[in-house]
Structure formats: C-alpha cells, structure tokens
Amino acid sequence: MTNILLVTSSPRGPQSLSTRFARDIAESLNARSAGTIVERDLGAAPLPHITAAYIDGRIAPPETRTPEQIEAVDLAQSLVDEIQAADVIVIGSGMINFGPPTQLKAWFDYITWPGVTFRYDATGVMGLLPAKKVYLVTATGGVFSEGRNAPLDFQTTYLVHLLGFIGLTDIEVVRVEGTLVSPDAAKAAVASTEAQIRAALERAA
Ligand SMILES: Cc1cc2nc3c(=O)[nH]c(=O)nc-3n(C[C@H](O)[C@H](O)[C@H](O)COP(=O)(O)O)c2cc1C
1 MTNILLVTSS PRGPQSLSTR FARDIAESLN ARSAGTIVER DLGAAPLPHI TAAYIDGRIA
61 PPETRTPEQI EAVDLAQSLV DEIQAADVIV IGSGMINFGP PTQLKAWFDY ITWPGVTFRY
121 DATGVMGLLP AKKVYLVTAT GGVFSEGRNA PLDFQTTYLV HLLGFIGLTD IEVVRVEGTL
181 VSPDAAKAAV ASTEAQIRAA LERAA
C-alpha cells in the first residue's frame, strides 16, 4: 500500500496541464497499490503568505505563542505531517514568470523549517525529511529542457534545489513544455509528457 501526497498549485483550474499530469501520475501509482491519495490543491485553496506570526512563532517556546502564532505554526505542522505521512509525493507546478506559481512558493515557505525539515551543522546543510520518491511535473509555455531558454528555467532548478534542501533528493522531473509555441508543438508536448510518464512509471514498477 502506497500513500501518495498530490500537491497541485496552478491557478488555472481545469485548464492546468501540470495538475492534469500530476494527477495522472498519482492515479496510476495508486491503481497499482490500492493506497491513498491525499490532495493538497494550492490553486483552489491557496495558503496565506507567511507573516511575522509564523516566523516568530516557530522559534518561540510553544507555551509563549500568541493565538496567531499558534495558528500559523499549526498550519506549517499540518503541511509537514502530510509530507511525513506520504510514501510518494507528486507535485504539479506551472511556470509563472520563469518560476513556480506563488501558491507553491507559499507551501515551501511553510515547510522549509529550520530544525524540522533542515538544519545546519559543521559540514553544511542537512535535509531532515526521510527519503521518499518525488515526481515533479513542470508545465511551461516555452521550451526549457534545451536550447537558449535552458538557463532561464528557474522553476525546475529552484524546486529541485528546495526539495533537496529538505532531504528529498530522489526526484523524477516530468516536463510539459512548449505548449504555447504553436498548436503542433502543444500536441507534441502532450505526447512527450505521456511518454515521459510511461517511462517513469516503468522505472518505478
Ligand atoms: C501569468 C502567466 C505567466 C506565465 N509565464 C510564463 C513564463 O515565464 N514562461 C513560460 O514559458 N510560460 C509562461 N506561462 C505559460 C505557462 O507556464 C503555461 O501555460 C503552463 O502550462 C502553466 O501551467 P498550468 O497549465 O499547470 O497552469 C505563463 C502563463 C501565465 C498565465
């Protein structure tokens, strides 16, 4: 039995390609294991941006926290708990202005938590989350896997870095790219994504 956490973040609702293909991966994995899928739809239900209540609250001794700090830290804890409970995490991210959507950035701002999901020691940073597989679906209007735009893919590089920073280094990236280049490119992009997913699922079998 595999517990899957599906984190989607596009603000584009049913039009979202990152959501569609992230869900495909989660459902295909689930069909094999009869486990559970817990959905965290950050597009439909965005998290509030972090505030001083969270930043100060997470370092305050629990018995001294204000009601706002308790609420903010409890929210962060519930997000970390969802990750801890999952065997596999599937994340969908559609590029907005060369990076991930702010909805997904807000999630990372809660879960990237000193002493809980990472810590520094004499040798540098250490991710504290237990190893688990992550499928990261990135959707982009342009092509970033190669060519002149490759150095501008701040979305994939940033997300892979952040995941590794908190201990999640086993990441399979699936791209949906070039969908706004032309109608033919959009069709080819979808076919390529489907092939990438088939290959990723075969590797996981
Ligand atoms: C506000 C906005 C900004 C975008 N910025 C970029 C961009 O910087 N580079 C790019 O290649 N595509 C960009 N796109 C296109 C999206 O990345 C593309 O439509 C992708 O499929 C969005 O993910 P989604 O389908 O999961 O919503 C942008 C789209 C929107 C709506």
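Numbered by the UniProt record's numbering, the letters in the sequence shown go through residues 1 to 205 in order.
No residue lacks a Cβ here, since even glycine has one placed at the ideal position from N, Cα and C.
A quick note: this is a predicted structure, and the numbers were derived from the prediction, not measured.
Using the C-alpha atoms, what's the distance from residue j back to residue i?
{"i": "L132", "j": "L168", "result": "It is worth fixing the name first, because residue 132 is Lys in this sequence and not Leu. If I take the Cα positions, the gap works out to 6 Å."}
{"i": "T117", "j": "V181", "result": "39 Å"}
{"i": "T8", "j": "S78", "result": "17 Å"}
{"i": "A199", "j": "V73", "result": "39 Å"}
{"i": "residue 207", "j": "I25", "result": "This structure gives no information on residue 207, because the portion of the chain shown stretches from 1 to 205."}
{"i": "D56", "j": "P130", "result": "26 Å"}
{"i": "A205", "j": "A31", "result": "12 Å"}
{"i": "T36", "j": "M1", "result": "8 Å"}
{"i": "I91", "j": "L6", "result": "6 Å"}
{"i": "V176", "j": "D184", "result": "14 Å"}
{"i": "E82", "j": "N3", "result": "10 Å"}
{"i": "R103", "j": "A191", "result": "Note on identity: in this sequence residue 103 is Gln, with Arg being the wrong assignment. Spanning the two alpha carbons is a distance of roughly 27 Å."}
{"i": "A188", "j": "Q155", "result": "21 Å"}
{"i": "A45", "j": "S18", "result": "16 Å"}
{"i": "L75", "j": "L47", "result": "9 Å"}
{"i": "R20", "j": "D121", "result": "40 Å"}
For the beta strand (DSSP E) holding residue i, just list the boundary residues, first then last.
{"i": "V38", "result": "T36 to D41"}
{"i": "N30", "result": "No beta strand (DSSP E) holds N30; the alpha helix (DSSP H) holding it covers L17 to S33."}
{"i": "residue 213", "result": "Here the chain has residues from 1 to 205 only, and residue 213 is not among them."}
{"i": "T8", "result": "N3 to T8"}
What does a CB cutoff of less than 7 Å around residue i pick up in its chain, not counting 5 residues either side in sequence?
{"i": "Y158", "result": "G99 and P100"}
Going by DSSP, what residue range makes up the alpha helix (DSSP H) through residue i?
{"i": "I111", "result": "T102 to I111"}
{"i": "I171", "result": "It is not in any alpha helix (DSSP H) - I171 instead sits in the beta strand (DSSP E) that spans I171 to E177."}
{"i": "D184", "result": "P183 to A204"}
{"i": "L163", "result": "F154 to F165"}
Excluding sequence positions up to five away, which residues of its chain have a Cβ less than 6 Å from the Cβ of residue i?
{"i": "A53", "result": "E68, Q69 and A72"}
{"i": "K105", "result": "none"}
{"i": "R65", "result": "G57"}
Within its chain, find whatever has a CB closer than 8 Å to the CB of residue i; leave out the 5 residues flanking it on each side and keep chain order.
{"i": "S28", "result": "I197 and L201"}
{"i": "V160", "result": "L136, I171 and V173"}
{"i": "A86", "result": "N3, I4, L5, V38 and K132"}
{"i": "F165", "result": "T112, F118, V125 and G127"}
{"i": "S16", "result": "T8, S10, G43, G92, G94 and A139"}
{"i": "A150", "result": "F144"}
{"i": "I50", "result": "A72, A106, D109 and Y110"}
{"i": "V134", "result": "V88, I89, V90, I91, L163, L168, D170, I171 and E172"}
* Unbroken beta strand (DSSP E) runs of length 3 or more, entirely within the segment 119-146: which are they? -> Complete beta strand (DSSP E) runs here, min 3: 124-127 and 133-140.
* To do: Please list the segments of the alpha helix (DSSP H) lying wholly inside the segment 57-90, counting only runs of 4 or more residues, in order along the chain.
  => Entirely contained in the segment 57-90, the alpha helix (DSSP H) runs reaching 4 residues are, in chain order, 67-85.
* Would you list the residues whose beta-carbon is nearer than 5 Å to any heavy atom of ligand 1, in the order they occur in the chain? => The filter returns S10, R12, S16, L17, S18, G94, M95, I96, N97, F98, A139, T140, G141 and G142, in chain order.
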